[in-house]
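Chemist: As given, the protein sequences belong to chains A and B, one line each in that order.
Heads up: the first sequence is residues 5 to 229, going by the working numbering.
Heads up: the second sequence is residues 5 to 229, going by the working numbering.
This structure is in structure tokens; I'll ask about it shortly.
There are 2 protein chains.
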Amino acid sequence: MRIVIAHCTVDYAGRLSSHLPEAKRLLMVKADGSVSIHADDRAYKPLNWMSPPCVLKESERDEDGRVIWTVTNKAGERLVITLQDVELDASHELGVDPGLQKDGVEAHLQELLAEQIETLGSGWTLVRREYPTAIGPVDIMARDSDGAHVAVEIKRRGEIDGVEQLTRYLELLNRDPLLAPVRGVFAAQEIKPQARTLAADRGIECAVLDYEVLRGMDDPSSRLF
Amino acid sequence: MRIVIAHCTVDYAGRLSSHLPEAKRLLMVKADGSVSIHADDRAYKPLNWMSPPCVLKESERDEDGRVIWTVTNKAGERLVITLQDVELDASHELGVDPGLQKDGVEAHLQELLAEQIETLGSGWTLVRREYPTAIGPVDIMARDSDGAHVAVEIKRRGEIDGVEQLTRYLELLNRDPLLAPVRGVFAAQEIKPQARTLAADRGIECAVLDYEVLRGMDDPSSRLF
DNA sequence: ATCTCCATGTCGTGC
DNA sequence: GCACGACGTGGAGAT
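If you want it as structure tokens, here you go:
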């Protein structure tokens with residue numbers, strides 16, 4: 005990884021056009037060739053960048069001490085950086101990162117809820133996770149205590165688009181006489197009021213999931229029986 | 005801005021839990037207090053981060069030469085970084101950035117299309133941009149050559165959620181007897197097949213916009229009259 | 001503070 | 001390769 009701190013101007017032409025007036029900034033060149041330009045605020049987002057795969061060409065220093073970096077990719081996007089007054093230019097070998105281990109995302113919720121489908125209703129049974137349909141997989145397909153099918157859409161945060169998604173699935177599933185009528189359950193750790201209202205309007209039930217409880221139930225050390 | 009290159013392990017507990025095993029990484033502390041941790045690949049995304057506003061507390065060096073950074077925010081999210089073998093620790097004053105100037109985003113498309121609404125149909129007239137409704141503004145409200153209202157949703161890339169959005173607007177607008185019937189046009193630089201299919205199913209027309217042409221038409225230097 | 005929607009979204013995954 | 005959905009989405013603007 006190469007870290008440069010310098011005054012620079014930047015022009016990007018690609019999916020849009022953009023320009024950065026001259027200012028002192030951080031330039032980061034990574035081992036995969038990618039380049040990003042950071043200001044002194046916002047942890048996450050660089051002001052400008054080029055994602056890999058891409059190629060950086062560095063010009064000779066001109067009579068005013070300027071250097072031009074031209075970063076291009078296959079799609080014809082182009083990032084041109086003009087540097088001057090370089091304060092820092094450091095290269096460090098970082099090696100391959102072992103990567104981030106995550107816990108608590110939607111996949112976990114789905115796993116836990118599938119194992120404990122009775123959380124949603126007594127006597128309910130799991131048909132399968134990722135139940136395939138023509139327009140994509142339903143997170144969980146289950147049957148209620150009467151044997152009727154229930155399509156469950158799981159979100160970490162339940163918002164309107166999740167309800168729309170489930171609505172599309174239900175519309176399709178209910179066209180299948182072997183399945184219809186299919187009930188819908190919108191399950192999330194948190195459900196926004198607007199989503200709850202829309203769900204009610206569509207005849208979709210809502211269920212708020214408690215990740216800690218689901219995980220606790222799943223944790224053998226916490227089981228009483 | 006403070007740049008540190010060091011071996012570190014990272015634990016995050018907040019919206020999810022995550023862990024980074026020990027490896028050499030770049031740590032960036034910005035003037036707004038935000039912290040991000042970068043590996044040597046992917047230009048855009050840090051492995052881990054804490055967005056401002058947040059507070060960084062740095063421990064004393066322990067007997068093994070380790071330092072612990074604890075970054076917390078108001079919401080109770082917590083990022084704990086254990087550093088050792090610090091290779092670089094550099095601070096640079098960057099100042100406030102003048103910011104990015106953009107050209108070619110949805111706002112521009114909307115502006116240009118509003119000026120040239122006849123692109124969508126001969127004899128069409130603009131009612132207004134950002135036409136207000138109870139559930140949010142419609143990008144463009146127009147009238148066709150028969151005087152019928154047309155709601156136009158503009159996207160850079162037309163996907164399903166854009167069609168859903170327009171559908172919600174149309175549902176609402178068509179309840180107003182002073183407006184109904186309201187036609188819908190889904191306009192984008194590129195429309196995904198699934199979105200096109202859904203739009204057709206909902207009786208919504210699609211229009212592919214050419215940004216260069218719209219801009220060219222708007223550019224006084226290119227006008228012939 | 002909350003809600004909404006855009007984004008050069010990025011990133012993984014399944015086809 | 002394309003398409004779809006999740007993301008600690010982030011970030012900006014309006015209510």
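We treat Cβ as the ideally placed atom computed from N, Cα and C, and that holds for glycine.
1) Look at the alpha carbon of D134(B) and the alpha carbon of L170(B), and state the distance between them as a whole number of angstroms.
2) Does the beta-carbon of A111(A) have 16 or more other beta-carbons within 10 angstroms, so that it is buried, or is it exposed?
3) Between R29(A) and A17(A), is the Cβ-Cβ spacing less than 8 Å?
4) For H153(B) and chain A, any beta-carbon pair shorter than 8 Å?
5) Okay, do the region 54-74 of chain A and the region 83-92 of chain A touch, 3+ Cβ pairs below 8 Å being the bar?
6) Which residues of chain B have a Cβ atom closer than 9 Å to the Cβ of L60(A), listed in chain order?
7) Can you list, in chain order, the residues of the region 40-68 of chain B whose Cβ is nearer than 9 Å to any Cβ on chain A?
8) Reducing DSSP to helix, strand and coil, say where A100(A) ends up.
9) Which residues mark the beginning and the end of the alpha helix (DSSP H) in which I208(A) is found?
10) If you drop the 5 nearest sequence neighbours on each side, which residues of the same chain put their C-beta closer than 6 Å to that of V75(B)?
11) If you draw a straight line from the alpha carbon of P136(B) to that of R6(B), how long is it in whole angstroms?
12) I'd like the list of long-range same chain contacts for A199(B), defined as Cβ closer than 6 Å, with 5 residues on each side in sequence excluded.
13) Anyone know if the C-beta pair for V186(B) and L174(B) falls short of 8 Å?
14) Using three-state DSSP, classify I72(B) as helix, strand or coil.
15) Taking the beta carbon of P181(B) as the centre, do at least 16 other beta carbons fall within 10 Å, making it buried, or is it exposed?
16) Just how far apart, CA to CA, sit E216(A) and L51(B)?
17) As a quick exercise: from R160(A), S22(A) and T123(A), pick the residue whose alpha carbon is nearest that of V109(B).
18) Relative to the C-alpha of G125(A), which candidate in I208(A), M32(A), A146(A) and I195(A) has its C-alpha closest?
19) Please list the partners that S38(A) has in chain B, where partner means a Cβ-to-Cβ separation under 9 Å.
20) Of all the CB atoms in chain A, is at least one closer than 8 Å to the CB of D107(B)?
21) Would you give the residue range spanned by the alpha helix (DSSP H) that Y48(B) belongs to?
22) From this set, D36(A), D45(A) and A47(A), which residue's C-alpha is nearest A47(B)'s C-alpha?
23) At a Cβ cut of 9 Å, what residues of the region 78-105 of chain A count as close to chain B, listed as they run along the chain?
24) So, for R160(B): in the same chain, excluding its five sequence neighbours on each side, which residues have a beta-carbon less than 6 Å away from its beta-carbon?
25) For the region 161-173 of chain A, enumerate the residues whose C-beta is nearer than 7 Å to any C-beta of chain B, in chain order.
26) Is the Cβ of K196(A) closer than 8 Å to any Cβ of chain B?
27) With distance defined between alpha-carbon atoms, name the residue in V8(A), D205(A) and V189(A) nearest to K34(A).
28) Count the other CB atoms within 10 Å of the CB of G140(B); is the residue buried (16 or more) or exposed (fewer)?
29) What residues are listed by DSSP as bridge partners for E194(B)?
30) Can you tell me which of the three DSSP states R6(A) falls into?
31) Within 8 Å of any Cβ in chain A, is that where the Cβ of L24(B) sits?
32) Identify the continuous beta strand (DSSP E) that holds Q105(A) and give its terminal residues.
Modeler: On the basis of the supplied data:
1) Counting from one through the second sequence, the residue named residue 134(B) turns up at place 130. Counting from one through the second sequence, the residue named residue 170(B) turns up at place 166. One detail in the question is off: residue 134(B) reads as Glu in this sequence, not Asp. Roughly 13 Å between the two C-alpha positions.
2) For this step, residue 111(A) is matched to residue 107 along the first sequence. Answer is exposed; the Cβ neighbour count stays below 16.
3) Mapped onto the first sequence, residue 29(A) falls at position 25. Mapped onto the first sequence, residue 17(A) falls at position 13. Taking 8 Å as the Cβ cut-off, R29(A) and A17(A) do not qualify as a contacting pair.
4) The sequence position of residue 153(B) within the second sequence is 149, counting from 1. No, because no Cβ of chain A sits closer than 8 Å to the Cβ of H153(B).
5) yes
6) By one-based count along the first sequence, residue 60(A) stands at place 56. The premise fails here: L60(A) is roughly 11 Å from chain B at the closest Cβ pair, so nothing lies under 9 Å.
7) S40, H42, A43, D44, D45, R46, A47, Y48, K49, P50, L51, N52, W53, M54, S55, P56 and C58
8) The residue you call residue 100(A) lines up with position 96 of the first sequence. In the sequence as displayed, the identity of residue 100(A) is Val instead of Ala. Coil.
9) The count along the first sequence starts at 1 and reaches residue 208(A) at position 204. From DSSP, I208(A) is part of no alpha helix (DSSP H); its letter is neither H nor E.
10) To locate residue 75(B), count along the second sequence from 1; it is residue 71. Excluding residues up to 5 positions away in sequence, V39, M54, C58, L60 and L83 lie with their Cβ nearer than 6 Å to the Cβ of V75(B) in the same chain.
11) Here residue 136(B) refers to the residue found at position 132 when the second sequence is read from its first residue. Here residue 6(B) refers to the residue found at position 2 when the second sequence is read from its first residue. The straight-line gap from Cα to Cα measures roughly 45 Å.
12) Working through the second sequence from its first residue, we reach residue 199(B) at position 195. Counting only Cβ-Cβ distances below 6 Å, and skipping sequence neighbours, we find G162, E163, I164 and V167.
13) Residue numbering aside, residue 186(B) sits at position 182 when the second sequence is read from its first letter. Residue numbering aside, residue 174(B) sits at position 170 when the second sequence is read from its first letter. Cβ atoms of V186(B) and L174(B): closer than 8 Å.
14) For this step, residue 72(B) is matched to residue 68 along the second sequence. I72(B) falls in the strand class under three-state DSSP.
15) Counted from its first residue, the second sequence places residue 181(B) at position 177. Classification for P181(B): exposed.
16) In the first sequence, the residue the question calls residue 216(A) occupies position 212. In the second sequence, the residue the question calls residue 51(B) occupies position 47. Computed Cα separation, rounded: 25 Å.
17) The residue labelled residue 109(B) in the question sits at position 105 within the second sequence. V109(B) has its Cα closest to that of S22(A), out of R160(A), S22(A) and T123(A).
18) For the purposes of this step, residue 125(A) is taken as the residue at position 121 of the first sequence. Considering only alpha carbons, the answer is A146(A).
19) Taking the first residue of the first sequence as 1, we reach residue 38(A) at position 34. Near S38(A) (Cβ distances below 9 Å), the residues of chain B are D45, R46, A47 and Y48.
20) Against the second sequence, residue 107(B) aligns to sequence position 103. It does; some Cβ of chain A falls within 8 Å.
21) Along the second sequence, one-based indexing puts residue 48(B) at 44. Counting along the chain, Y48(B) falls outside any alpha helix (DSSP H), and DSSP gives it neither H nor E.
22) The sequence position of residue 47(B) within the second sequence is 43, counting from 1. Nearest option by C-alpha distance: D36(A).
23) E91, L92, A94, H96, E97, L98, G99, V100, D101, P102, G103, L104 and Q105
24) In the second sequence, residue 160(B) corresponds to position 156, counting from 1. Same-chain partners within the cutoff: E110 and Q193.
25) D165 and E168
26) Here the question's residue 196(A) lines up with position 192 in the first sequence. Judged by the 8 Å Cβ criterion, K196(A) is not in contact with chain B.
27) The residue you call residue 34(A) lines up with position 30 of the first sequence. Among V8(A), D205(A) and V189(A), the Cα nearest to that of K34(A) is on V8(A).
28) In the second sequence, counting from the first residue as 1, residue 140(B) sits at position 136. Taking all protein chains in view, the Cβ of G140(B) is surrounded by fewer than 16 other Cβ atoms within 10 Å, so the residue is classified as exposed.
29) Within the second sequence, residue 194(B) is the residue found at index 190, counting from 1. Under DSSP, the beta-bridge partners assigned to E194(B) are R161(B).
30) Here residue 6(A) corresponds to residue number 2 of the first sequence, with the count starting at 1. Strand, per DSSP.
31) Looking up residue 24(B) in the second sequence gives position 20. At least one chain A Cβ lies under 8 Å of L24(B).
32) Here residue 105(A) refers to the residue found at position 101 when the first sequence is read from its first residue. It spans Q105 to D107 - the beta strand (DSSP E) in which Q105(A) sits, taken as one unbroken run.
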